[in-house]
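Each protein sequence line maps, in turn, to chains A and B. At position 293 of the first sequence (counting the first as 1) the number is 293 in this note's numbering, and the numbers step up by one without a gap. Just add 1000 to wherever you are in the second sequence, counting from 1, and you've got this note's numbering. We treat Cβ as the ideally placed atom computed from N, Cα and C, and that holds for glycine.
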Amino acid sequence: MIRLPFLFFARTKITLSAFAWLKVIVLMLAPVALYADERPRLISTDAGVTELIFALGFEDDLIAIDVTSQLPEGFPALPSIGYHRTLSAEGLMSLNPSVVIGSEHIGPPSVVSALTQAEVKFVQLRSAKSSDQLRDNVLTLADALDQKEKGLRLLTTVDAKLAELDRTNLAGERIAFLLSMDDSKLRLAGEGTSGQSFIELMKAQNVADFKNYRNISAESLFEMQPSVIIVAGSDVESAVQSLLDANPVLTHTPAVKQKRIIAVNGATLVAGLSVSAINEAIRLTQALSNSPALVVQANN
Amino acid sequence: MQRSVSLCALALASLLIVCALLSLVLGAMNLPVYDSLLIVVDKLFGANLSQLEDYQQIVVLELRLPRLLLAVFVGAILAQCGAVVQGLFRNPLADPGIIGVSSGAAVGAIVAIVVFPAVWGSWTIPTMAFVGGLLTTLLVYGLAQSKSGTSVLILLLAGVAISAFAGAAIGFLSYFADDASLRELNVWQMGSLTGANDANLWLAFTTMVLLMIAFQRRAQALNALLLGEPEARHLGIDVEQLKLQMIILTAVGVGVAVSCSGIIGFVGLVVPHLVRLATGPNHHFLLPLSALLGAVLLMCSDLLARLVVQPAELPVGLVTVYLARHSS
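See the structure below:
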């Protein structure tokens, strides 16, 4: 029990000396940074926002991200600012950002008000549940960063993709969207989830009529008679097979009988709709309408 | 005996001051040390000594200072309540949570998060947590009543049973919660001092002062209770009255602490224990020294929570558990 004060002193001593060194480095670099660096310094506090920043081509200005954001492979690691509902005001300010971009859930309120007082610029984008919201977000973000042209350019691409989806949609299909974290549990996407947005993107119908994600029994999923099953998991290669191994009763659903069961990359969907989610939707609709009698495996 | 107590008090008081200064000076932002301290002097006495820029003043005065004060108040409240509960149960391993206040507060908080979010704005969760904690404690106390007065043994068992029941209620409610509410509950349960503002600082400060006075006046009675209930009764102490008062005061104290900062574990368990090992079980000294050590421990924990994973920060409840595990 006497170790307690010693432990504390040891820690502070290390931090102090680390700080002293940091201070020296910062002081040495400060004049350089002041004149050479006029690029915006962006912090993203939301996975969807990070996606959008990459889609718009602003990734080089990104200086920090939150824990849910995923960077593409090979992109240099960025400092993490934690979870977007429990931000640290001082932590954000220490990175000297020019704009902090997040969703409507950014918080806690005390931190937001402290940052506003310190005149840190905020951009809040609503989480994209529909393609309209996604288009809005593209324009809002591009506008906020004075890069309207880039926004319009991305919007043209997005519109072309949406038109493509309109041509090859899955109207009339009853889709079950399963989040596969643990194969023995069937977590079905209901209303208001990103799974639902994904199904709506393909103009199909969701078999679930409840809100949020819910664990359901294999029997009730069987009873819903889905004509297509989408499995969102971290391991795309084996997701379908391990789901069927764990729940053999599903082989009797119309979807599996006609081999219309598909794995998607869950990472493209965690933060609501995004450009890569639209790409994924196009890939799925094409695969399903071209070769309805195949178990389609994801290729990314 | 007297000497070791005053030595301890002196050491803890100086530790408190050193930690407070460090908390003001250290953080994710690298600010000039002397100016950071001078700005607090400026604020207190209306002087104009510091040369910090406006946004730097906000960091010290509105981010670091309120957190540091809340850590002191909450730490002192939790540690004192822990000392009292351990005295009441005559068990050095008792924790304020044992009378159901923490689990009740958690149920109140999840009801606020899941069932009616934002009825009273940002006060919804704290108020519900406080009410939940108090009601649960009264329920536990009610269950422990018998013809021969309040049985401490039944009080303990009822506390365990009600905590299990509260766990089930939390599980039930979280099944119907959406992902965002679940995450919010999760973070709330790990405790944080981020929400420090004028209103809850005054609330915590007043509670701390009132509890200190109330507990200190009953220190003699608590000492007598250590001999055993019949012995205390023979010494002329109204044991039933004392138990009821202590349980209600503890519930109010922990309830206020929980509603200001979420659930912060182990401060109430470890601090009085350490003090008792150093200076003995006399409540006249145990209570104020526990308050001091509790304040120091929570302030250090918050400092570590802010520094370890910057620019993000850890929930302070995780740090107290870690420190407590290493100290015991």
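Open item on the list: Taking contact to mean 3 or more Cβ pairs, one atom from each stretch, closer than 8 angstroms, check whether the region 1278–1295 of chain B and the region 1003–1015 of chain B are in contact.
Closed with: Counting Cβ pairs under 8 angstroms, three or more are found: they touch.
Open item on the list: To be precise: take each residue of the region 1050–1068 of chain B, compare its Cβ to all Cβ atoms of chain A, and keep it if any distance is under 7 angstroms. Which residues remain?
Closed with: Residues of the region 1050–1068 of chain B whose Cβ lies closer than 7 angstroms to any Cβ of chain A, in chain order: 1055, 1058, 1059, 1062 and 1063.
- [ ] Using 10 angstroms around the beta-carbon of residue 1273 (chain B), count the other beta-carbons present and answer buried if the total reaches 16, otherwise exposed.
- [x] Of the other Cβ atoms in all chains shown, 16 or more fall within 10 Å of the Cβ of residue 1273 (chain B); this residue is therefore buried.
- [ ] Report yes if the C-beta distance between residue 199 (chain A) and residue 229 (chain A) is below 8 angstroms; otherwise report no.
- [x] Against a cut-off of 8 angstroms, the Cβ pair of residue 229 (chain A) and residue 199 (chain A) comes out as no contact.
Task: For residue 265 (chain A), the first and last residue of its enclosing beta strand (DSSP E) - done: Per DSSP, residue 265 (chain A) belongs to the beta strand (DSSP E) from 261–265.
Task: Per-residue contacts from residue 1192 (chain B) into chain A (C-beta, under 9 angstroms) - done: The contact set of residue 1192 (chain B) on chain A, defined by CB atoms closer than 9 angstroms, consists of 86 and 108 in chain order.
Open item on the list: Do residue 1018 (chain B) and residue 1036 (chain B) count as a contact pair if the criterion is CB distance below 8 angstroms?
Closed with: Not closer than 8 angstroms, so no.
Task: contact_flag[the region 55–67 of chain A, the region 84–102 of chain A] where n(CB pairs < 8 angstroms) is 3 or more - done: The region 55–67 of chain A is in contact with the region 84–102 of chain A.
Task: Three-state secondary structure assigned by DSSP to residue 127 (chain A) - done: Residue 127 (chain A): coil per DSSP, three-state reduction.
Open item on the list: For residue 81 (chain A), would you say it is in contact with chain B, using Cβ-to-Cβ distances shorter than 8 angstroms as the test?
Closed with: With 8 angstroms as the cut-off, residue 81 (chain A) counts as an interface residue toward chain B.
- [ ] For residue 77 (chain A), collect the residues of the same chain with a Cβ closer than 8 angstroms to its Cβ; drop the 5 residues on either side in sequence, then sort them by chain order.
- [x] Cβ neighbours of residue 77 (chain A) within its own chain (closer than 8 angstroms, five residues either side excluded): 71.
Task: Cβ neighbours of residue 134 (chain A) in the same chain (closer than 6 angstroms, five flanking residues each side left out) - done: These residues qualify, in order along the chain: 128 and 273.
Task: heavy atom of the ligand ZN below 7 angstroms from residue 1274 (chain B) C-beta - done: Annotation note on the ligand ZN: not contained in the displayed structure, which lists no ligands.
Task: Limits of the unbroken beta strand (DSSP E) element including residue 163 (chain A) - done: Boundaries for residue 163 (chain A): no beta strand (DSSP E) harbours it, while the alpha helix (DSSP H) harbouring it runs 148–167, taken from the DSSP string.
TODO: State buried or exposed for residue 1202 (chain B), treating a residue as buried only when at least 16 other CB atoms are found within 10 Å of its CB.
DONE: Counting C-beta atoms within 10 angstroms of its own C-beta, residue 1202 (chain B) has fewer than 16 neighbours from the protein chains shown and is therefore classed as exposed.
Open item on the list: Suppose you measure from the CA of residue 266 (chain A) to the CA of residue 276 (chain A); what does that come to, to the nearest Å?
Closed with: Each residue's alpha carbon lies about 11 angstroms from the other.
- [ ] Identify each residue in the region 1256–1276 of chain B for which the Cβ-Cβ distance to at least one residue of chain A is less than 9 angstroms, and report them in chain order.
- [x] Cβ proximity to chain A below 9 angstroms picks out 1270, 1273 and 1274 from the region 1256–1276 of chain B.
- [ ] Quick one: list the residues of chain B neighbouring residue 93 (chain A), beta-carbon separation under 8 angstroms, in chain order.
- [x] Per Cβ cutoff of 8 angstroms: 1028, 1029, 1055 and 1059.
Open item on the list: Classify residue 32 (chain A): buried if its beta carbon has 16 or more other beta carbons within 10 angstroms, exposed otherwise.
Closed with: Only weak support is given to the placement of residue 32 (chain A): the predicted model assigns it a pLDDT of 46, under 50, and the value that follows is read from those uncertain coordinates. Burial call: exposed.
Open item on the list: Since residue 1215 (chain B) and residue 1080 (chain B) should fall inside the 8 angstroms C-beta cutoff, what is the C-beta to C-beta distance between them, to a whole number of angstroms?
Closed with: The C-beta separation of residue 1215 (chain B) from residue 1080 (chain B) comes to about 6 angstroms, placing the pair in contact by the 8 angstroms criterion.
TODO: Would you verify that the beta carbon of residue 12 (chain A) is, or is not, closer than 8 angstroms to some beta carbon of chain B?
DONE: Legend: pLDDT at residue 12 (chain A) = 43, less than 50; position of this residue unreliable, value from coordinates given subsequently. By this cut-off, residue 12 (chain A) is an interface position.
TODO: Out of A:242, A:85 and A:216, point me to the one whose CA is closest to residue 107 (chain A)'s CA.
DONE: For residue 107 (chain A), the nearest C-alpha among the options comes from A:85.
Task: Beta carbon proximity, residue 111 (chain A) to chain B, threshold 8 angstroms - done: Interface residue, yes.
Task: Neighbour list for residue 118 (chain A) in chain B, Cβ cutoff strictly below 7 angstroms - done: Under the 7 angstroms cutoff, chain B gives 1055 and 1058.
Task: Continuous beta strand (DSSP E) stretch holding residue 188 (chain A): start and end - done: Where residue 188 (chain A) is concerned, the enclosing beta strand (DSSP E) stretches over 186–189.
- [ ] Decide if the region 173–180 of chain A is in contact with the region 212–228 of chain A; the criterion is three or more beta carbon pairs, one per stretch, under 8 angstroms apart.
- [x] Short answer: they touch.
- [ ] Starting from the C-beta of residue 1125 (chain B), find all residues in its chain whose C-beta is less than 6 angstroms away, skip the five residues before and the five after it, and write them out in chain order.
- [x] Excluding sequence positions up to five before and after residue 1125 (chain B), its CB lies within less than 6 angstroms of the CB of 1109 and 1112, all in the same chain and listed in chain order.
Open item on the list: Tell me the DSSP secondary structure of residue 1235 (chain B) in three-state form.
Closed with: In the structure shown, residue 1235 (chain B) sits in coil (DSSP, three-state: anything other than H, G, I, E or B).
- [ ] Grab me the residues of residue 1321 (chain B)'s own chain with a C-beta within less than 7 angstroms of its C-beta, minus the 5 sequence neighbours each way, in chain order.
- [x] So the list reads 1265 and 1266, once near-sequence residues are dropped.
- [ ] Give every residue of the same chain whose Cβ lies closer than 7 angstroms to the Cβ of residue 216 (chain A), excluding the five residues on either side of it in the sequence, and list them in chain order.
- [x] Same-chain partners within the cutoff: 186 and 188.
Task: Limits of the unbroken beta strand (DSSP E) element including residue 1104 (chain B) - done: Counting along the chain, residue 1104 (chain B) sits inside no beta strand (DSSP E); it lies in the alpha helix (DSSP H) bounded by residues 1101–1114.
Open item on the list: Going residue by residue through the region 1020–1056 of chain B, where are the continuous alpha helix (DSSP H) segments of at least 4 residues, counting only ones entirely within it?
Closed with: Listed in chain order, the alpha helix (DSSP H) runs fully inside the region 1020–1056 of chain B are 1033–1045, counting runs of at least 4 residues.
Task: Alpha-carbon to alpha-carbon, residue 1162 (chain B) and residue 1098 (chain B) - done: Each residue's Cα considered, the two are about 10 angstroms apart.
Open item on the list: Please classify residue 1200 (chain B) as buried or exposed, where buried requires at least 16 neighbouring CB atoms within 10 angstroms.
Closed with: When all chains shown are included, residue 1200 (chain B) counts as buried.
TODO: Kindly list the residues whose CB is nearer than 8 angstroms to the CB of residue 190 (chain A), restricted to its own chain and excluding five residues on each side of it in sequence; keep chain order.
DONE: For residue 190 (chain A), the CB contacts under 8 angstroms within the same chain, skipping 5 residues up- and downstream, are 196, 206, 208, 209, 210, 211, 212, 213 and 214 in chain order.
TODO: Count the C-beta pairs between the region 1058–1069 of chain B and the region 1240–1251 of chain B that are closer than 8 angstroms, then say yes if the count reaches three, no if not.
DONE: The region 1058–1069 of chain B is not in contact with the region 1240–1251 of chain B.
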